[in-house]
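In the numbering used here, each residue carries its 1-based index in the sequence shown increased by 1.
Quick reminder that beta carbons are idealized off the backbone N, C-alpha and C, glycines included.
Below you'll find the structure, written out as structure tokens, and then a few comments.
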Amino acid sequence: MAKKKPNFLVRMFLDENDINEKSIVGFGSFLMMVTCLAVDIWTGFHGQEMPINEFIFDGFMIITLGSFGIASVDKYITSKSGKSEEEEY
2 MAKKKPNFLV RMFLDENDIN EKSIVGFGSF LMMVTCLAVD IWTGFHGQEM
52 PINEFIFDGF MIITLGSFGI ASVDKYITSK SGKSEEEEY
């Protein structure tokens, strides 16, 4: 009988996983920013004003940039260390 693969949330909290948590947090934060801006545009077209708290939006922006930046640096460092290990052999 085939072993059942754990679902996404269970795999995310395992020590050995194939999920990049930084990218998930960054993508969620990006979705919140886009949703906030879309609602702001929609309410603007209908003549209503939606006040956006600057601190909350800036917080989502910093989380998004930080998460994707850290993930990119992590990928770069991992690829560099992988190449140097191959050269040693």
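Residue i, DSSP secondary structure in three states
i   : result
E50 : coil
F14 : coil
K76 : helix
I20 : coil
K6  : coil
Expected contact under 8 Å - CB spacing of residue i and residue j to nearest Å
i   : j   : result
N21 : A72 : 6 Å
Buried/exposed call for residue i, threshold 16 Cβ in 10 Å
i   : result
Y90 : Caution applies to Y90, whose pLDDT of 45 falls short of 50 and renders its modelled position unreliable; the value that the coordinates give is listed next. The residue is exposed, with fewer than 16 neighbouring Cβ atoms inside 10 Å.
S68 : buried
G27 : buried
Contacts around residue i, its chain only, beta-carbon distance under 6 Å, and the 5 residues preceding and following it disregarded
i   : result
S30 : F61, I64, T65
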